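A.B. asks: Next up is a structure, given as structure tokens.
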Amino acid sequence: MFAVDLRSDTVTVPTPEMRAAMAAAEVGDDVYAEDPTVNRLQETAAELTGFEGALYVPSGTMSNQIALAVHTRRGSEVIVPEGAHIYEYEPGAMAVLSGALPRFAPAVRGAPTAEGVRAAIRRSPHQAPTGLITLENTHNLAGGAVVPLATQAAIQSVAREEGIPVHLDGARAFNAATALGVGIADVTRGFDSVSICLSKGLGAPVGSLLLGSRAFLAEAHRYRKLLGGGMRQAGVLAAAGLIALTRMPAGLAADHARAKRLAEALAGAPGMTLDPARVETNMVFIEVGDAAGLVQRCAARGVGLSSMGPRTVRLVTHHQVDDAGIALAVDAIVAAAGSMARAARA
């Protein structure tokens, strides 16, 4: 256990309110669509985002992969932004499950251009046809960067012209909405399907929501069953998801502010490089000479960080890291990076 855990916003534990709701949850068999708490969660998500319906699934990876399976046919290509989670961290699932291939669109700070997406679309009988366009907002490997709404709209316009569906990996879509100062429906508008994670910044213990039309969800329900995602009395989990969906977004601005303060406190410290201006949401990425070494030294000081590559370390704020935790983390990281820098010069 860490005194301060900044490895991810997935490390949070359920709040007392969530635990109480889980214990008191009214339940039924969700495979028969008879769990009232799951149904209420799905209805609430649909109302908040402007979709016809939602499907509760165990994970964000499953949610994304169900969407790919519904939208594509085997042998088609899926356009993904460079560094997208759907390719980088869902280990070959689009190929294994849907027989689909990734085609990368150049992306600056996680955001492809409409022109770049149009150029990636393929129709030739000699090539794999484009079956789906995906975006990720916020974009993890771009440092939690927010994809502008105008960019989303421009890409959606290209997709409509070409008759290609568009899916949003919105695992942290509520973070995007908070950073932009808009409602969640503004972020999800115009997509054919959206995946939203409840167990990241929103703090639920388990689950994601897949949003779409009734026709889309009818197929999605079948794929959820095929992938082993059908759960029985899932209301005990959905009860926490309801609190995550309706109460926890209000705290995301504080997470973002702490990430910014964390970055500003670390900027200029010996042994590391970062730009606080690039911190848009709840992630701070720093460059160091030895990422694994920094993670190890900070762990010994009670601070959890994530190595994202040989020289890249990620720090993620969440509702269970307070101001005192940020101060402790800064002290540990500065001390560890400084000792590494001195050792390298010796």
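Basically the numbering used here = 1-based index in the sequence shown + 902. The beta-carbon is built from N, C-alpha and C at its ideal position, and this holds for glycine as well. No experiment lies behind these values; they were computed from the predicted model shown.
(1) For the beta strand (DSSP E) containing V1096, name the first residue and the last one.
(2) Could you work out which residue in A905, K1162, A1231 and G1170 is closest to L1196 when comparing CA atoms only?
(3) Looking only at C-alpha atoms, which of R1091, G1211 and A1117 sits nearest to A1052?
(4) State the start and end residues of the unbroken beta strand (DSSP E) segment that holds D931.
(5) Would a C-beta distance cut-off of 7 Å place A1253 and T1214 closer than the cut-off?
(6) Do you know how far the Cα of E1064 is from the Cα of D907?
(7) Does the region 1137 to 1156 come within contact of the region 918 to 932, defined as at least 3 CB pairs closer than 8 Å?
(8) In or out: Q944 buried (at least 16 other Cβ within 10 Å) or exposed?
(9) Would you kindly report the start and end of the unbroken alpha helix (DSSP H) that includes L1129?
(10) Among residues of its own chain, excluding the 5 on either side of L1144, which ones have a beta-carbon nearer than 8 Å to its beta-carbon?
(11) Rounded to whole angstroms, what's the CA-CA distance from E1182 to Q967? Just pull it up for me.
(12) Apart from the five residues just before and just after A1161, which ones in its own chain have a Cβ nearer than 6 Å to its Cβ?
(13) How is R1216 classed by DSSP in three states: helix, strand or coil?
(14) Quick one: what does DSSP say F1006 is sitting in, helix, strand or coil?
(15) Tell me whether Y991 is buried or exposed, calling it buried when 16 or more other Cβ atoms sit within 10 Å of its Cβ.
(16) May I ask you to report which of helix, strand or coil DSSP gives E954?
(17) Mind listing, in chain order, the continuous beta strand (DSSP E) runs of no fewer than 3 residues lying wholly within the region 985 to 1044?
(18) Buried or exposed: where does K1127 fall if 16 or more other Cβ atoms within 10 Å of its Cβ makes it buried?
(19) What would DSSP say about V1048, mapped onto helix, strand or coil?
(20) In chain order, what residues of the same chain lie with their CB nearer than 6 Å to the CB of G1045, ignoring the 5 residues before and after it?
C.D. replies: On the basis of the data shown:
(1) S1095 to C1099
(2) A1231
(3) R1091
(4) Note, D931: premise wrong, no beta strand (DSSP E); not H, not E.
(5) In the structure as shown, the chain begins at 903 and stops at 1248. Residue 1253 is therefore absent and cannot be evaluated.
(6) 45 Å
(7) yes
(8) buried
(9) Taken as a continuous stretch (DSSP letters only), L1129 belongs to no alpha helix (DSSP H), as it is neither H nor E.
(10) A923, T939, R942, L943 and T946
(11) Each residue's alpha carbon lies about 27 Å from the other.
(12) V1181, N1184, V1186 and T1219
(13) strand
(14) Strand at F1006.
(15) exposed
(16) coil
(17) 1003 to 1007 and 1032 to 1038
(18) exposed
(19) coil
(20) R1180, M1185 and F1187
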